[in-house]
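Protein chains in written order, with this note's numbering: chain W, 191 to 694; chain D, 122 to 266.
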């Protein structure tokens, strides 16, 4: 079947009333949680997982909702970057460089408009790439055996660890810790129960939702509580949220280049939206910044990261969908959702569950259109949410965490577990251990062990199977490169940061 | 300094975990590698990473909260634990009002604002989850007589 008819089928899925509603909810929730510093897409998705189960939503509907939250957050995160100088999520740090100066100069309107348009540009262009690349990668991945998968997952960990900000060793430690947490409970395809300490409730393993909410949402509430922050001043949104034709045309090539580079970076496991924004910004600074206006309120400095992070968010779905190996915390959570529906993403996904892939791709067009509308005429409404005091916002996050965790098993024990992991998450944050690798480890742990055992079963226990064949060798090479690459990238990103921001 | 402590903690944890793994017994039909091998590999890798962190121990300085903030954190955590024990006996709305009120108060609300926020949030969420989304939440054992 050709792509168009498949995409047509996808739209048939995406345009069902329930899915239209879910795309809208995803876009709305995504914009809001993207905008609020401290609450990210991972929290929102983890809290919603038990609810989608309770509602009995089919897999494609859940995925459409969760994906909407993810790319929606890439729209919303620039609102607080521009108006507050506080990035809504890490991938909009770069947007503050020019977005906030624009707001200071009374040009918050054009900055927000540019951000919405660039997000739409990157968000929709990248869907074409997704439709084109994902099937290609699937065809390649069909040749993967268990040994290939095992090494691929090692690569996913080293890539994520080396590209996460901060110490690579600590990120690797986080990843292994996640894998260790995944070994709690009954072993995969076996009879031995491991590390349950006699707790019957742990036989099925640590519940994913409980852990993610504990690690992310609860530790974030505690983290914010631990910092006596001085709240930034919300810049008034003055003037119309519009940009001139001249501003739009001056940014066209910026958006195009940033979308392409953002997508490619998003596809790489581990790299993701944040790195895409730094690279897009530093590239554009070198290409178009002739008058040295970047960092002083240049609208192109808003266009570059916003096109890049939205494009990267779509790109990040490719390894998750076509290989079954996610490269980021958020796509790991979405993978976990699919797994709990009994659907294993990978090369066969497009054949066996075309509804999921094509329905998702089609829903992304719909969602981006909705987001453009939400973020252009209605951005003023969202900006008001930034004025809601923290003593209302944080209790809401805490309560949603309780409801999410409690509704998994109706078990108060899970709330204790969540609290414990929240405290651990806080300590890890403070000590500089990133949390995304823990989530990735937790999700991939079982798959990794299963593939390790299968590979050794096929080879009768011969470990050299992990070093035979062209694919594994290429994957090992990638793994090595990923461990060396951060030094190169560090140089690049440091050049992108305007000096004055570090002093603030 | 903090990195060195982290390295030591990781090393101890890896040893403990590896020791636990080594005592696992295989069931029937586990092929060339049994239930303990993957955990043992993980323990070994984590131990190596712990040693590497211990040796390279960078100048990383964590920003620890001030004493007053620790008090807040301790209070909130204690209230989470209390919540786990209270939710079934006194029900979602009462437990959440108290819990959320405390969190709100710790984030700087006046006590009446905190109580109003707590009550508002818990009623709104109860309505949303139980009536709209059909999730079951405890209504409170003590109210059922």
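Cβ coordinates follow ideal geometry from the N, Cα and C atoms, glycine included.
It should be emphasised that the depicted structure is a prediction, and the values quoted were computed from it without experimental measurement.
Residue-chain proximity (residue i, chain W), Cβ-Cβ < 7 Å
i, result
"residue 145 (chain D)", "yes"
"residue 176 (chain D)", "no"
"residue 263 (chain D)", "no"
"residue 225 (chain D)", "yes"
"residue 181 (chain D)", "yes"
"residue 196 (chain D)", "no"
"residue 128 (chain D)", "no"
"residue 251 (chain D)", "no"
"residue 163 (chain D)", "yes"
"residue 218 (chain D)", "no"
"residue 133 (chain D)", "no"
"residue 125 (chain D)", "no"
"residue 154 (chain D)", "yes"
"residue 221 (chain D)", "yes"
Assigned secondary structure, residue i (DSSP; H/G/I helix, E/B strand, else coil)
i, result
"residue 425 (chain W)", "coil"
"residue 384 (chain W)", "strand"
"residue 224 (chain W)", "helix"
"residue 696 (chain W)", "No answer is possible for residue 696 (chain W): it lies beyond the span of chain W, which begins at 191 and ends at 694."
"residue 404 (chain W)", "helix"
"residue 376 (chain W)", "strand"
"residue 268 (chain D)", "Residue 268 (chain D) lies beyond the range of chain D shown here (122 to 266); nothing can be said about it."
"residue 534 (chain W)", "coil"
"residue 276 (chain W)", "coil"
"residue 420 (chain W)", "The predicted position of residue 420 (chain W) is uncertain, since its pLDDT is 48 and thus under 50; no value can be drawn from it."
"residue 526 (chain W)", "helix"
"residue 184 (chain D)", "coil"
"residue 136 (chain D)", "helix"
"residue 656 (chain W)", "helix"
"residue 543 (chain W)", "coil"
"residue 339 (chain W)", "helix"
"residue 304 (chain W)", "helix"
"residue 265 (chain W)", "helix"
Below-7 Å beta-carbon distance, residue i vs any chain D residue
i, result
"residue 443 (chain W)", "no"
"residue 606 (chain W)", "yes"
"residue 450 (chain W)", "no"
"residue 355 (chain W)", "no"
"residue 416 (chain W)", "yes"
"residue 213 (chain W)", "no"
"residue 669 (chain W)", "no"
"residue 338 (chain W)", "no"
"residue 464 (chain W)", "no"
"residue 221 (chain W)", "no"
"residue 420 (chain W)", "Reliability fails at residue 420 (chain W), whose pLDDT of 48 lies under 50, so the model's placement of it is uncertain and the value that follows must be treated cautiously. No, residue 420 (chain W) lies away from the interface with chain D (no Cβ there is under 7 Å from its Cβ)."
"residue 412 (chain W)", "yes"
"residue 639 (chain W)", "yes"
Cβ neighbours of residue i in the same chain (closer than 7 Å, five flanking residues each side left out)
i, result
"residue 494 (chain W)", "444, 448, 470, 471, 474"
"residue 562 (chain W)", "306, 310"
"residue 666 (chain W)", "341"
"residue 246 (chain D)", "none"
Presumed contact (8 Å Cβ cut-off) between residue i and residue j, rounded CB distance
i, j, result
"residue 302 (chain W)", "residue 569 (chain W)", "5 Å"
"residue 466 (chain W)", "residue 455 (chain W)", "4 Å"
"residue 201 (chain D)", "residue 609 (chain W)", "4 Å"
"residue 710 (chain W)", "residue 523 (chain W)", "In this structure chain W extends from 191 to 694, so residue 710 (chain W) is not present and cannot be described."
"residue 603 (chain W)", "residue 217 (chain D)", "Going by Cβ atoms, the distance from residue 603 (chain W) to residue 217 (chain D) rounds to 18 Å, so no, they are not a contact pair."
"residue 370 (chain W)", "residue 138 (chain D)", "6 Å"
"residue 226 (chain D)", "residue 235 (chain D)", "4 Å"
Contact set for residue i: own chain, Cβ-Cβ below 6 Å, skip 5 residues either direction
i, result
"residue 339 (chain W)", "641"
"residue 536 (chain W)", "514"
"residue 557 (chain W)", "213, 217, 258"
Same chain, Cβ closer than 8 Å to residue i, neighbours up to 5 away in sequence not counted
i, result
"residue 662 (chain W)", "337, 338, 341, 656"
"residue 394 (chain W)", "375, 376"
"residue 230 (chain D)", "238"
"residue 365 (chain W)", "347, 350, 351, 627, 628, 630, 631"
"residue 382 (chain W)", "376"
May I ask you to list, following chain order, the residues of the segment 642 to 656 of chain W that have a beta carbon less than 7 Å from some beta carbon of chain D?
-> Within the segment 642 to 656 of chain W, the residues whose Cβ lies closer than 7 Å to some Cβ of chain D are 642, 643, 646, 647, 650, 651, listed in chain order.
Members of the segment 607 to 622 of chain W that neighbour chain D once the beta carbon cut-off is set at 7 Å = For the segment 607 to 622 of chain W, the beta-carbon criterion of a distance under 7 Å to any beta-carbon of chain D is satisfied by 609, 613, 620, 621, 622.
Name the residues in the segment 239 to 273 of chain W whose C-beta lies less than 8 Å from a C-beta of chain D; which are they?
-> When CB distances to chain D are screened at a threshold of 8 Å, the residues of the segment 239 to 273 of chain W falling below it are 240, 241, 244, 245, in chain order.
Residues of the segment 346 to 380 of chain W with Cβ closer than 8 Å to any Cβ of chain D, in chain order = So the close ones are 357, 359, 360, 362, 363, 366, 367, 369, 370, 373, 377, 380.
Pull out every residue of the segment 584 to 603 of chain W whose Cβ sits closer than 8 Å to any Cβ of chain D, in chain order.
-> Within the segment 584 to 603 of chain W, the qualifying residues are 584, 585, 586, 588, 589, 590, 592, 593, 596, 597, 600, 602, 603.
Short-range partners of chain D found in the segment 194 to 207 of chain W, where Cβ spacing is below 7 Å | Here the close residues number zero.
For the segment 236 to 248 of chain D, which residues have a CB atom closer than 8 Å to at least one CB atom of chain W, in sequence order?
-> From the segment 236 to 248 of chain D, only 238, 239, 242, 243, 246 have a Cβ closer than 8 Å to chain W.
Taking Cβ-Cβ distances below 7 Å as the criterion, which residues of the segment 203 to 214 of chain D are in contact with chain W?
-> Answer in chain order: 204, 205, 206, 208, 209.
In the segment 565 to 585 of chain W, which residues sit with their C-beta less than 9 Å from some C-beta in chain D, listed in chain order?
-> Taking 9 Å as the Cβ-Cβ cut-off against chain D, the residues of the segment 565 to 585 of chain W that qualify are 579, 580, 581, 582, 583, 584, 585.
Cβ-based contacts, 8 Å cut-off: residues of the segment 382 to 397 of chain W near chain D | Going along the segment 382 to 397 of chain W in chain order, one finds 382, 384, 385 with a Cβ nearer than 8 Å to chain D.
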